[in-house]
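First to last, the sequence lines map onto chains X and U.
Counting in my numbering, the first sequence runs from 907 upward without gaps.
Counting in my numbering, the second sequence runs from 40 upward without gaps.
Below is one structure, written out as structure tokens; the observations come after it.
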Amino acid sequence: MSWLPLDTWIVVTGALCAAACALLGNFLVLRKMSMMGDAISHAVLPGLAIAFLLTGSRSSIAMFIGAALVGVMTAVFTQWIGKFGNVERGASMGIVFTTLFALGLLLIVKGADHVDLDPGCVLYGALELTPLDPGFTLSGFGLTLTVPRATAVLSGIFLLNLGCILLFYKELKISSFDPELATTLGIDARWMHYLLMTLVAITAVAAFEAVGSIIVIAMLIVPAASAYLLTHRLSTMILLSLVFGVAAAVLGHISAITVPHWFGFSDTSTSGMMAVVSGVLFGLVVLLSPNQGLLFRSRRTGKAG
Amino acid sequence: MDWEQIISVLFLRDYNTRLVVFSTLLLGVTCGIMGGFLLLRKRSLMGDTLSHATLPGIVGLFLAGVFLGNDGKSFMLLLVGAAVTGLLGCWLVLFIREHTRLKDDAAMGIVLSVFFGAGVALLGMAQTLPEGSAAGLESFIYGKTASMVATDFQILVVVSLLVLGISILLFKEFKLLCFDETFARSLGFSTRWLDVLMLGLVTAVTVAGLQAVGLILIIAFLITPAAAARFWTEKLERMLILSSILGGLSGWIGASLSALLPRMPAGAVIVLVAAGFFVFSMLFGTARGVLLRYRQHRELRFLVSRQHLLRALFEILEGQQSGVDELEVTPVPYEEVRITRTWTDRALNKTLAHAFRDGLVKTRPTDDTILLSSRGLEEAAKVTRNHRLWELYLIEFADIATSRVDRGADRVEHVLGEELVQALEAKLQTYRWDEQVLVPASPHPIAGGVAPSTEATP
């Protein structure tokens, strides 16, 4: 295994993405909306198609705005169908994202078939390629540092999420646990919901474009779910989810460049391995968690019997 | 597009159209049934999880096949791989749900993302194979509806018949599992195995359909028809039948449209047709539709508002003429009625207009006074009587009241029963007769400064 500066950038970018997603994931898990990341990843297609058809270019800014708008719409429609139609949240989410995806597919086939707008290419970046796209150069103290564009974008997103969560910590917390109490305290739980959904949409879309969708879907759920099993305090849960996210990025990349060699293959996708490692970490938590771990529980019940 | 073409599509003369229409119709029917169960189990997104969870199985068995020396792209082999990781995913969802504090949504999300990640990682390895034969593996789960082959159809028929047969055989057990898991367990059913079996059937449909019609259509087929059917009925049997009809119809209409119009991918058109059915059902559904509930809500508000008006008028008259045996209808100033509760002028005028239309008051809403008609007085007496009996009931029988008060009855005797009403009436010391309607005195001071009759309380 040889470690290059390239690898450091991949890990840093992956960790930033994981941290940005894990922050929001805590609230998604608490609100039982874990599947939102997956829903948004399918639903943004018409946003991309419309942005492309309107501007005629594949510029990332237009695509980003289109996708983020549709991402927020996914959340809003899901909420509406749930509220007015009295439909269970998972079902309304599923209806919204499949319909939007089908609409996007139709738009692409009808309007943009002659050009190459493969959703797999436009939307989904690859984490391994991020260091090859230099964003800007920092210099100072006699050092020059070229920051890849994806890293810069994801740092911004991470800071945005962190800022919003710090600013609205109390409101988000109360409205996640007890929307009725939030209302009596004068907090508009609905606006907190939309704020969170907007952040999720922006984060997801920015990260899809920079590093690919699978990281986002996994990091929005798995680190936060692992942390949820270890603590009853929200602040501890958030910190733990960050640790799990960053650990998944570091270990994920290391296993992506080592594990395949054991079977005679060369490297594999870091994004995929990050998801796998986060899953392994989750499995360890389920088994070993001091309060609720299966291992300790079976030993305790064994003693009692 | 001409008539001949339309007729050839409608009568399925073209072999390929026939194949696609039959397959999507069949899949729609089967998914409609399974989707109904999933919806009631609040697991609609299971199709989403399952279809993503098949990827590592497909790529994994492909790699294994390559190692063992064949080209690895044996269709049945890939199908087996998909089923294996699909079932494993199901089992893990149930495991996480049972052994941790996490709910279904998180369990499904974890399995989806980790399995799909594993699939992507395996794919990354497969793509470095020198043969380059991994191409097209990923498209296995994205499927192309229009390019279906006869084998797809045969597999689909076998799986669908199997799934439909089992779900009809075990209908009673599945129904119980959907509505009352704890009760099912107390009856001695192994709910865990029923759960596994149900999800196993969903996996079978998903795997069989995935490669034929693609991921998004399978997900939509498992959710949308069932959710649409839910708006039309409260009965599981009817809902499942309707759901499978809607699923089948979406498949048939969508596939036909796609065959008729140029450049319309069948999967996307079918999803949109199903979504159309959903929106229509959500608006016009006769059991839980939005318009129906809106109308019921408005009617209830209208009724409550009218009863408030009648009671306010009755109590004002009662206060003016205390001690008489028979109330005389006199005009009541508008303002005096308005202050009895927080009426807005608009709301009160509207209520008065309705009351005038129905002949309960003789005066128009624009007049300064309000005069009850004789039928209005009778109606007002009834409303007031019911209200007071309720109050009395709540005072006297507070311990059993809570189970009955939310029934929203405007006729006390329909809820409380003849004997109880008589018992309540007997509790009251003073009776007053108004055209055969018994109105007890109010057990509490009436807002608006009218004193209660003191003899009311025993």
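Note that the Cβ used here is the ideal one computed from N, Cα and C, for glycine as well.
Closer than 8 Å by beta-carbon distance: list the chain X residues that pair up with residue i, in chain order.
i	result
U/Pro304	Leu1011, Leu1012 and Val1015
U/Ala386	Neighbours of U/Ala386 on chain X: none; closest Cβ ~24 Å, over 8 Å.
Please list, in chain order, the chain U residues whose beta carbon lies closer than 9 Å to that of residue i.
i	result
X/Ala925	The premise fails here: X/Ala925 is roughly 16 Å from chain U at the closest Cβ pair, so nothing lies under 9 Å.
X/Glu1115	Per Cβ cutoff of 9 Å: no residues; X/Glu1115 is ~17 Å from chain U at best.
X/Lys938	Lys142, Asp143, Asp144 and Ala145
Alpha carbons only, please: which of the options is nearest the one belonging to residue i?
i	options	result
X/Leu910	X/Phe1083, X/Ile1160 and X/Leu1200	X/Ile1160
X/Gly1151	X/Thr1052, X/Thr1043, X/Gly920 and X/Ala924	X/Ala924
X/Ala1133	U/Thr139, U/Ala298, U/Ser344 and U/Phe436	U/Thr139
X/Gln985	X/His1167, X/Trp1097, X/Leu1187 and X/Ala921	X/Trp1097
X/Ala1110	X/Val976, X/Ala957 and X/Leu912	X/Val976
U/Ala103	X/Met1180, X/Phe1169, X/Val1182 and X/Pro1196	X/Phe1169
U/Gly19	U/Glu137, U/Val197 and U/Val98	Residue 19 of chain U lies beyond the residue range present for chain U, which begins at 40 and ends at 497; the question has no answer from this structure.
U/Met317	U/Thr381, U/Gln346 and U/Ile284	Correcting the residue identity first, residue 317 of chain U is Phe in this sequence and not Met. Closest option to U/Phe317, Cα to Cα, is U/Ile284.
U/Gly162	X/Ala1058, X/Met1179 and X/Ala1008	Rather than Gly, the amino acid found at residue 162 of chain U in this sequence is Leu. It is X/Met1179.
U/Glu435	U/Ser413, U/Glu464 and U/Lys421	U/Glu464
U/Leu399	U/Gln193, U/Val371, U/Tyr54 and U/Leu416	U/Leu416
X/Val1059	X/Leu1073, X/Val1165, X/Ser1177 and X/Ala1113	X/Ala1113
U/Gly158	X/Val982, X/Gly1185 and X/Pro1040	X/Gly1185
U/Val246	U/Leu58, U/Phe106 and U/Leu66	U/Leu66
U/Ala420	U/Ile355, U/Phe192 and U/Leu459	U/Ile355
So with CB distances below 7 Å, who are the chain X contacts of residue i?
i	result
U/Val310	Thr1004, Thr1005 and Ala1008
U/Met147	Met941
U/Thr167	Phe1171 and Ser1172
Identify the contact partners of residue i in chain X, using a Cβ-Cβ distance below 9 Å as the criterion.
i	result
U/Ser283	By Cβ distance, chain X contributes nothing, its closest Cβ being about 17 Å from U/Ser283, past 9 Å.
U/Ala307	Phe1007, Ala1008, Leu1009, Gly1010, Leu1011, Leu1012 and Val1015
Suppose you measure from the CA of residue i to the CA of residue j; what does that come to, to the nearest Å?
i	j	result
U/Leu352	U/Leu411	8 Å
X/Leu1190	U/Leu330	50 Å
U/Glu418	U/Lys401	14 Å
X/Val1002	U/Glu374	51 Å
U/Leu30	X/Thr1005	As shown, chain U starts at 40 and ends at 497. That puts residue 30 of chain U outside it, with no answer to give.
X/His1099	X/Gly1000	19 Å
X/Phe1064	X/Glu1034	20 Å
X/Val950	X/Gly1010	8 Å
U/Lys274	U/Phe213	14 Å
U/Ser361	U/Arg380	22 Å
U/Leu226	U/Glu220	10 Å
X/Leu1013	U/Ile292	19 Å
U/Ala267	X/Val993	10 Å
X/Ala1131	U/Gly74	27 Å
U/Met164	X/Phe933	35 Å
U/Arg337	U/Ala392	16 Å
U/Leu366	U/Tyr333	38 Å
X/Thr1174	X/Ser966	27 Å
U/Ala448	X/Thr1089	The predicted model places U/Ala448 with a pLDDT of 45, which falls under 50 and marks its position as unreliable; any figure quoted below should be read in that light. Their Cα atoms are separated by approximately 30 Å.
U/Leu238	U/Leu64	22 Å
U/Ala394	U/Pro404	9 Å
U/Pro491	U/Arg327	Caution applies to U/Pro491, whose pLDDT of 42 falls short of 50 and renders its modelled position unreliable; the value that the coordinates give is listed next. Between U/Pro491 and U/Arg327, the C-alpha separation is close to 44 Å.
U/Ala265	U/Val68	10 Å
Residues of chain U with CB under 7 Å from residue i, in chain order?
i	result
X/Pro1166	Met164
X/Ile1001	Ile262, Thr263, Ala266, Ala314 and Phe317
X/Val935	Ala145
At a CB-CB cut-off below 8 Å, which residues of chain U make contact with residue i?
i	result
X/Ile1163	Within chain U, no residue comes near X/Ile1163; the closest Cβ sits about 11 Å away, beyond 8 Å.
X/Val1192	Ile135, His138 and Thr139
Cβ contact (3+ pairs, closer than 8 Å) linking the segment 312-331 of chain U and the segment 379-390 of chain U: no
At least three beta-carbon pairs within less than 8 Å, the segment 120-133 of chain U to the segment 87-101 of chain U: yes
Stretch-stretch touch, CB-based, cutoff 8 Å, three pairs: the segment 142-152 of chain U with the segment 1119-1130 of chain X: yes
Chain-ordered residues of the segment 248-268 of chain U with a beta carbon less than 7 Å from chain X: Ile255, Ile258, Ala259, Ile262, Thr263 and Ala266
Segment contact, 8 Å Cβ cut-off, at least three pairs: the segment 958-969 of chain X with the segment 293-301 of chain U: no
Inter-stretch contact at 8 Å, needing at least 3 Cβ pairs: the segment 1103-1120 of chain X / the segment 1077-1090 of chain X: no
Short-range partners of chain X found in the segment 112-145 of chain U, where Cβ spacing is below 9 Å: Phe134, Ile135, His138, Thr139, Arg140, Leu141, Lys142, Asp143, Asp144 and Ala145
Cβ pair count under 8 Å reaching 3, the segment 69-81 of chain U against the segment 1135-1149 of chain X: no
Contacting positions in the segment 316-332 of chain U - beta carbon closer than 7 Å to chain X: Phe317, Met321, Arg327 and Val329
Contact set between the segment 1166-1189 of chain X and chain U, restricted to residues whose Cβ is under 8 Å from the partner: Pro1166, Phe1169, Phe1171, Ser1172, Asp1173, Thr1174, Ser1175, Ser1177, Gly1178, Met1179, Met1180, Ala1181, Val1182, Ser1184, Gly1185 and Phe1188
Interface positions of the segment 948-965 of chain X facing chain U (Cβ-Cβ less than 9 Å), listed along the chain: His948
Selection of the segment 76-88 of chain U by Cβ proximity to chain X, strictly under 8 Å: Leu78, Lys81, Arg82, Ser83, Leu84, Gly86 and Asp87
Where the segment 41-75 of chain U meets chain X: residues whose CB sits under 8 Å from a CB there: none
Residues of the segment 1111-1142 of chain X whose Cβ lies closer than 7 Å to any Cβ of chain U, in chain order: Ile1120, Ile1123, Ala1124, Ile1127, Val1128, Ala1131, Tyr1134 and Leu1135
Inter-stretch contact at 8 Å, needing at least 3 Cβ pairs: the segment 112-125 of chain U / the segment 240-252 of chain U: yes
Interface residues of the segment 150-163 of chain U facing chain X [CB-CB below 9 Å]: Val150, Leu151, Ser152, Val153, Phe154, Phe155, Gly156, Ala157, Gly158, Val159, Ala160, Leu161, Leu162 and Gly163
Interfacial residues, the segment 1073-1106 of chain X to chain U, with Cβ spacing under 9 Å: none
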